[in-house]
Amino acid sequence: MKLNERSLAFYATCDSPADSAGFLYKRGERHGAYHRRWFVLKGNMLFYFEERESREPVGVIVLEGCTVELCDSRGEFAFAIRFGGAKSRTYVLAAESHAAMEAWVKALSRASFDYLRLVVRELEQQLARRELERAPEQDPERALERRAPRENGCAVGCEAEAGPRPPPVPPRCRASGGEPAGNTTEPSAFSRLHERYGSEVARLRQQWLERQQGQQP
Amino acid sequence: MRYNERELLCLARQPAEKAAEILMRVPKKGSGLKRRLVKLVVNFLFYFRTDEAEPIGALLLEHCRITKEEENVFSISFIEEPERKYCFECDSEEQCQEWIEALKRASYEFMRRSLIFYRNEIQKMTGKDPLEQYGISEEARFQLATRKQ
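In the order they appear, the protein sequences are chains A and B.
Numbering-wise (full-length UniProt numbering), the first sequence opens with residue 1 and increments by one.
Numbering-wise (full-length UniProt numbering), the second sequence opens with residue 1 and increments by one.
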């Protein structure tokens with residue numbers, strides 16, 4: 001399979017900031033001997049160079065669909081990048097200190113595009129939800145309307161609570177400290193439900209508001 | 001450059017964000033438009049012969065420019081070689097625009113900028129850093145100030 005190698009090499013060596021960089025020992029495929037290489041992580045691409053000053057990477061590891069595990073049994077500060085599937089390669093790397101090993105494992109395990117996309121989608125939904133909640137406070141017209149008698153203007157076909165605002169958001173289900181939210185099906189489903197619910201209520205409220213304004217001279 | 005081909009081939013088999021049969025021309029002398037199955041998966045664009053399971057090639061979509069060429073046609077080029085273009089001729093202008101939009105958002109760098117944007121907006125609104133619950137708020141790659149782009 002062809003790969004746009006020249007562009008890849010350019011991406012590796014250009015001055016866009018690297019997410020991580022440093023020396024690591026890479027265990028050779030055939031002999032098991034470790035070779036010291038200069039590693040550069042950019043996005044989901046882990047490049048490795050023979051020397052820090054090398055103009056082109058020797059190789060790259062595409063970090064999608066992999067897990068990163070410690071395999072530090074002999075105090076070598078070693079860890080492995082493991083891919084699923086039969087006959088898949090496992091890359092064994094070793095850092096020069098415990099701190100470096102931990103930092104690399106952390107960085108590499110969250111480097112995938114997939115992971116980043118998950119986080120972005122979560123934030124996107126959070127922002128949409130907050131914007132919906134915030135709208136009543138921001139608009140002076142709506143603040144005025146809140147002081148008006150609390151009629152249920154959304155009575156027609158609406159099961160929502162009486163009043164103009166979307167239902168309050170229950171406390172978020174947070175993943176345990178420090179860990180990325182691996183299972184996002186529950187909050188995401190709720191976010192979508194809340195958004196749909198909230199936009200329906202917002203629409204009905206808008207209609208009610210327009211009717212109110214129509215009634216005033 | 002060595003790369004983990006087996007894993008990349010596996011990636012090519014994943015469900016795509018977008019896939020279609022499109023006429024494609026690679027920037028090689030004498031090459032013409034050929035019908036290819038083009039598949040967008042994460043920040044890679046794979047292209048296959050329409051009857052084959054394994055891709056002929058893959059393009060990493062970082063530091064690239066997506067340009068509308070003539071009607072129904074767009075191209076992908078990379079910033080270090082802007083004249084070397086991969087051309088794609090779509091069936092309709094609509095399809096062309098859809099692909100341009102999708103490809104412009106396909107890079108890791110774009111995703112990262114989106115994350116920083118949302119993080120910032122939420123922080124302004126709530127006073128809290130939404131990345132804290134993921135334990136990634138300290139990562140340099142998500143800091144607003146450090147990214148020069």
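Glycine included, every Cβ here is placed at the ideal spot set by N, Cα and C.
The model shown is predicted, which means the values in this text are computed figures rather than measured ones.
8 Å Cβ cutoff, residue i in contact with chain B
i	result
residue 9 of chain A	yes
residue 26 of chain A	no
residue 37 of chain A	no
residue 3 of chain A	yes
residue 43 of chain A	yes
residue 49 of chain A	no
residue 73 of chain A	no
residue 97 of chain A	no
residue 102 of chain A	no
residue 205 of chain A	no
residue 52 of chain A	no
residue 22 of chain A	no
For residue i, the nearest candidate out of the options (CA to CA)
i	options	result
residue 132 of chain B	B/119, B/125, B/72, B/10	B/119
residue 65 of chain A	B/95, B/12, B/51	B/12
residue 112 of chain A	B/71, B/43, B/80	B/43
residue 104 of chain B	B/91, B/62, B/116	B/62
residue 77 of chain B	B/87, B/71, B/70	B/87
residue 50 of chain B	B/75, B/1, B/38	B/38
residue 52 of chain A	A/121, A/210, A/23	A/23
residue 52 of chain B	A/1, A/131, A/108	A/1
residue 54 of chain A	B/125, B/1, B/110, B/23	B/1
residue 40 of chain B	B/58, B/24, B/4	B/58
residue 100 of chain B	B/114, B/55, B/75, B/26	B/75
residue 103 of chain A	B/126, B/138, B/130	B/138
Chain A within 8 Å of residue i, Cβ atoms only
i	result
residue 22 of chain B	no
residue 42 of chain B	yes
residue 88 of chain B	no
residue 11 of chain B	yes
residue 4 of chain B	yes
residue 114 of chain B	yes
residue 127 of chain B	no
residue 211 of chain B	Only positions 1 to 149 of chain B appear in the structure, and residue 211 of chain B is not among them; the question remains open.
residue 80 of chain B	yes
residue 98 of chain B	no
residue 15 of chain B	no
residue 19 of chain B	no
CA-to-CA distance, residue j to residue i, given in whole angstroms
i	j	result
residue 74 of chain A	residue 8 of chain A	35 Å
residue 205 of chain A	residue 135 of chain A	12 Å
residue 59 of chain A	residue 96 of chain A	21 Å
residue 125 of chain A	residue 116 of chain A	14 Å
residue 41 of chain A	residue 106 of chain A	12 Å
residue 136 of chain B	residue 123 of chain B	15 Å
residue 16 of chain B	residue 97 of chain B	18 Å
residue 93 of chain B	residue 71 of chain B	6 Å
residue 147 of chain A	residue 116 of chain B	The predicted model places residue 147 of chain A with a pLDDT of 42, which falls under 50 and marks its position as unreliable; any figure quoted below should be read in that light. The straight-line gap from Cα to Cα measures roughly 37 Å.
residue 27 of chain A	residue 32 of chain B	43 Å
residue 80 of chain A	residue 101 of chain A	11 Å
residue 109 of chain A	residue 16 of chain A	21 Å
residue 48 of chain A	residue 34 of chain A	13 Å
residue 140 of chain B	residue 21 of chain A	12 Å
residue 35 of chain B	residue 90 of chain B	10 Å
residue 91 of chain A	residue 4 of chain A	23 Å
residue 85 of chain B	residue 23 of chain B	14 Å
residue 19 of chain A	residue 203 of chain A	44 Å
residue 112 of chain B	residue 5 of chain B	25 Å
residue 14 of chain B	residue 201 of chain A	38 Å
residue 25 of chain A	residue 129 of chain B	36 Å
Residue i, buried or exposed, once every other Cβ within 10 Å from all chains shown has been counted against 16
i	result
residue 14 of chain A	exposed
residue 70 of chain A	exposed
residue 78 of chain A	buried
residue 79 of chain B	exposed
residue 99 of chain A	exposed
residue 82 of chain B	exposed
residue 43 of chain A	buried
residue 211 of chain A	exposed
residue 86 of chain A	exposed
residue 143 of chain B	exposed
Any non-hydrogen atom of the ligand ATP closer than 7 Å to residue i Cβ
i	result
residue 16 of chain B	Because no ligand of any kind appears in the structure shown, any question about the ligand ATP cannot be addressed here.
**Asked** Can you give, in chain order, each stretch of the alpha helix (DSSP H) that sits fully within the stretch 69-138 of chain B and has at least 4 residues?
**Response** 93-104, 108-126
**Asked** What runs of the beta strand (DSSP E), each 3 residues or longer, lie entirely inside the stretch 65-99 of chain A?
**Response** 66-70, 78-83, 90-94
**Request:** Can you check the stretch 32-66 of chain A for any beta strand (DSSP E) of at least 3 residues that lies completely inside it and give the ranges in chain order?
**Result:** 34-42, 45-49, 59-62
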